[in-house]
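Asks:
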Amino acid sequence: MENYDVAVIGSGPGGYVAAIRSAQLGYKTVIIEKYATLGGTCTNVGCIPTKALLDSTHHYAEAQHGFGSHGIMLNEINLDFSQMYKRKSEVVTKNTSGLEFLMNKNKITHIQGMARFINDSTIQVSGKEGEQTVVARHYIIATGSKPSTISGIEIDKKRIITSTEALSLQEKPKTMIIIGGGVIGVEMASIFSRIGTKVTILEYADHLISTMDHGLGRSLQKILKKEGIEIHLNQSVYKAENLGASAKVFFRDQDGKENELEGDYVLMAVGRRPYTEGLGLENTGVQVNNRGFIEVDEKCCTAVSTIYAIGDVIGGAMLAHKAEEEGVLVAETINGQNRHIHYDRIPSVVYTWPEVASVGFTEEYLKKNQIEYRSGSFPFSASARARASMDTEGFAKVLVDPKYGEILGVHIIGARAADLIAQGVIAQEYEVTAEDMFRISYAHPTYSETLKEAYLIASGQGAVNI
Ligand code: FAD
Ligand code: NAD
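Residue numbers (the working numbering): 161 to 626.
1. Considering only residues of the segment 383–438, which uninterrupted beta strand (DSSP E) runs meet the minimum length of 3 residues and lie entirely inside it, listed in chain order?
2. Measuring alpha carbon to alpha carbon, tell me which residue in Ile271, Lys306, Tyr299 is nearest Glu291.
3. Relative to the ligand NAD, is the shortest distance from any of its heavy atoms to the C-beta of Val509 smaller than 8 Å?
4. Would Gly471 and Ala302 be called neighbours here (beta carbons separated by less than 9 Å)?
5. Mind checking who Ile169 pairs with in its DSSP beta bridge?
6. Would DSSP call His481 helix, strand or coil?
7. Are Lys248 and Ala183 close, meaning C-beta to C-beta below 9 Å?
8. Counting Cβ pairs, one atom from each stretch, are 3 or more of them under 8 Å apart for the segment 411–429 and the segment 387–401?
9. Go ahead and label Gln588 buried or exposed: buried means 16 or more other beta carbons lie within 10 angstroms of its beta carbon, across all protein chains shown.
10. Out of Pro539, Gln243, Val519, which has the shortest C-alpha to C-alpha gap to Ala330?
11. Return the CA-CA distance between His500 and Thr610, expressed in angstroms with no decimal places.
12. For a test of the three-state rule: what should DSSP assign to Gly536, helix, strand or coil?
13. Please confirm whether Ile573 and Leu376 have their CB atoms less than 9 Å apart.
14. Determine the direct distance from the alpha carbon of Gly404 to that of Arg451, and round the result to whole angstroms.
15. Does DSSP put Cys460 in a helix, in a strand, or in coil?
16. What is the rounded straight-line gap between the Cα of Thr322 and the Cα of Arg297?
17. For Thr203, which of Gly341, Pro173, Ile169 has the nearest alpha-carbon?
18. Could you give the DSSP three-state label for Phe453: helix, strand or coil?
19. Nearer than 8 Å: is that true of the beta carbon of Ala491 relative to any heavy atom of the ligand NAD?
20. Any idea which residues DSSP pairs His571 with across the strands?
21. For Leu362, which residues in the same chain have their Cβ closer than 6 Å to its Cβ, ignoring the five residues on either side in sequence?
22. Around the Cβ of Arg545, are there at least 16 other Cβ atoms within 10 angstroms (buried) or fewer (exposed)?
23. Can you tell me which of the three DSSP states Arg276 falls into?
24. How many Å lie between Ile506 and Met233 at the Cα?
25. Please look up how many angstroms separate the CB atoms of Phe540 and Gly554, rounded, as I've assumed it's under 8 Å.
26. If you draw a straight line from the alpha carbon of Thr436 to that of Thr282, how long is it in whole angstroms?
27. Got a sec: is the Cβ-Cβ distance from Lys385 to anything in chain B below 9 Å?
28. Put Val592 into one of helix, strand or coil per three-state DSSP.
29. Counting only the same chain and skipping the five closest in sequence on each side, list residues whose C-beta sits under 6 Å from that of Ser257.
30. Check whether the Cβ of Glu193 sits closer than 8 Å to any heavy atom of the ligand FAD, and report yes or no.
31. What residue does the alpha helix (DSSP H) around Val346 start on, and which one ends it?
32. Taking a contact to mean a Cβ-Cβ separation below 9 Å, would you say Gln447 touches Thr466 in this structure?
33. Kindly examine the ligand NAD and report whether one of its heavy atoms sits closer than 8 Å to the Cβ of Gln381.
34. Within its chain, find whatever has a CB closer than 7 Å to the CB of Glu347; leave out the 5 residues flanking it on each side and keep chain order.
35. For Ile237, collect the residues of the same chain with a Cβ closer than 8 Å to its Cβ; drop the 5 residues on either side in sequence, then sort them by chain order.
36. Quick check: is any heavy atom of the ligand FAD less than 8 Å from the C-beta of Ile361?
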């Protein structure tokens with residue numbers, strides 16, 4: 161039996177960051193991961209492989225439809241599907257081996273195996289090397305999430321699949337039906353549609369990426385439709401069947417009209433559920449809520465004072481960087497530091513092209529809560545930089561308090577929005593005003609100038625630049 165200061169269960173972005181920060185603070189740390197590679201969902205079957213495929217397919221689409229207007233003529237463009245997937249796997253391996261290196265560098269013990277609490281202060285790990293008992297002064301549960309489904313649909317991983325299986329297909333599908341037009345739905349739709357798969361999205365809500373500002377979803381819908389993705393909103397899917405060589409879904413619209421569709425694959429993208437199976441929480445005082453998420457306080461501490469939980473398994477935004485922030489918060493809390501996370505200043509990004517990014521309140525939230533605001537929007541079509549690269553779709557929108565100029569929300573759909581949003585996060589975190597934001601200098605020509613113009617407009621001044 162080995163004793164540690166900190167034992168981290170799960171090696172996703174929550175777990176590995178918690179382990180590294182704990183080790184940096186001088187704690188004898190162990191990380192336990194059931195799979196052979198470190199990195200969790202994000203590195204193995206989430207953020208990293210999807211972004212690798214989104215990049216590859218973006219290049220392919222550009223070569224097909226964008227290069228000609230730059231005067232670059234390619235006679236024949238072929239897609240090597242297995243090479244594209246091979247590169248994706250290589251990117252993943254570089255990241256997982258990078259994490260191994262970081263564990264060694266920080267002298268963190270890595271045990272491969274499934275961790276299970278046998279009481280509040282002891283865990284049993286079963287893995288390649290048999291059973292072992294681990295005792296730690298503090299535990300950090302970072303066991304993440306798994307794809308969820310809806311009643312009536314069983315994910316068989318053959319024809320009715322999730323993002324995980326879609327990331328390891330052997331050949332290009334001809335048709336794919338995606339259930340859910342949330343983040344996974346639109347990212348997967350982009351990947352497959354760009355390589356020639358006929359993609360249909362069936363979404364329950366009346367717009368795509370429904371947790372973000374609605375203007376972004378409406379704009380994204382138009383762009384994805386132009387790319388050939390079929391989108392049906394207000395559709396409730398209730399059944400799917402594996403037909404052997406294809407799959408069929410059954411759905412009804414808001415008036416109850418029944419419909420069905422058949423495709424090579426049905427990809428379920430209706431959200432994710434917390435993963436605590438086999439963790440032995442029933443042997444501890446840790447509480448879960450009625451949706452299965454572990455209950456924690458503002459320091460991510462569970463009902464047992466020595467057991468913390470972070471990341472997807474506690475709910476909230478299921479984002480890698482949210483899990484990372486919580487990993488640092490817990491390590492520093494154990495260390496006696498007083499840390500706090502501003503959850504409303506955590507940005508969200510969707511890696512379609514153009515990208516979609518957001519931080520702060522949506523316009524719908526402000527309206528619903530009768531919070532006064534002024535809105536300033538500026539289109540990328542009026543940006544010299546965007547015109548130079550022909551990335552003119554989308555807009556930047558800022559929502560500002562009319563009295564003090566405080567920035568309430570920043571919402572962008574446009575090229576490089578994922579990186580531009582960092583500026584909105586800083587503006588909100590340090591509570592600078594819209595005037596502060598338009599009085600600073602922005603390099604010309606850059607995509608960031610659209611934000612300067614949006615701040616000017618929201619402050620009651622006209623735009624000054626194009
Ligand atoms: P996870 O990354 O899920 O890691 C949990 C780990 O715990 C897993 O490796 C699991 O095997 C291990 N584990 C579970 N139980 C045990 C046990 N009992 N013993 C030992 N090990 C155990 N987020 C973003 O911010 N940006 C993106 O671009 C993005 N893209 C995504 C794309 C897809 C297709 C998906 C599915 C998700 C994406 N996400 C993205 C979400 C992101 O992956 C998650 O929010 C993030 O991985 C959560 O981190 P975590 O540490 O909480 O858990
Ligand atoms: P999501 O919650 O974003 O979207 C699920 C969608 O499915 C919703 O729009 C919902 O209305 C729809 N839906 C639910 N039931 C339905 C039904 N019966 N018929 C039709 N539509 C239905 O979930 P997701 O897209 O599966 O993503 C899961 C998590 O992974 C998200 O929380 C997200 O934060 C994370 N993620 C993040 C990124 C990123 O940051 N770029 C990328 C991928 C995933």
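Note that CB positions come from ideal geometry on N, CA and C, so glycine has one too.
Replies: So, to answer that:
1. For the beta strand (DSSP E) assignment, the uninterrupted runs of no fewer than 3 residues enclosed by the segment 383–438 are, from N- to C-terminal side, 390–392, 395–402, 407–413, 418–423, 425–428, 432–434.
2. Ile271
3. yes
4. yes
5. Ile192, Ile301
6. helix
7. no
8. yes
9. buried
10. Reading the sequence as shown, one finds Gln at residue 330 and not Ala. Per the Cα distances, Gln243.
11. 32 Å
12. In the structure shown, Gly536 sits in a strand (DSSP, three-state: E or B).
13. yes
14. 33 Å
15. coil
16. Going from the Cα of Thr322 to the Cα of Arg297 covers about 37 Å.
17. Pro173
18. coil
19. no
20. DSSP lists Ser518, Lys557 as partners of His571.
21. The answer, listed in chain order, is Ile339, His392, Gln395, Val397, Phe411.
22. buried
23. strand
24. 42 Å
25. 5 Å
26. Cα to Cα, Thr436 sits roughly 17 Å from Thr282.
27. Given the protein chain composition of this structure (a single chain), no chain B is represented.
28. In the structure shown, Val592 sits in coil (DSSP, three-state: anything other than H, G, I, E or B).
29. none
30. yes
31. 343–354
32. no
33. no
34. Thr210, Leu214, Val510, Tyr511, Thr512
35. Tyr220, Ala223, Gln224
36. no
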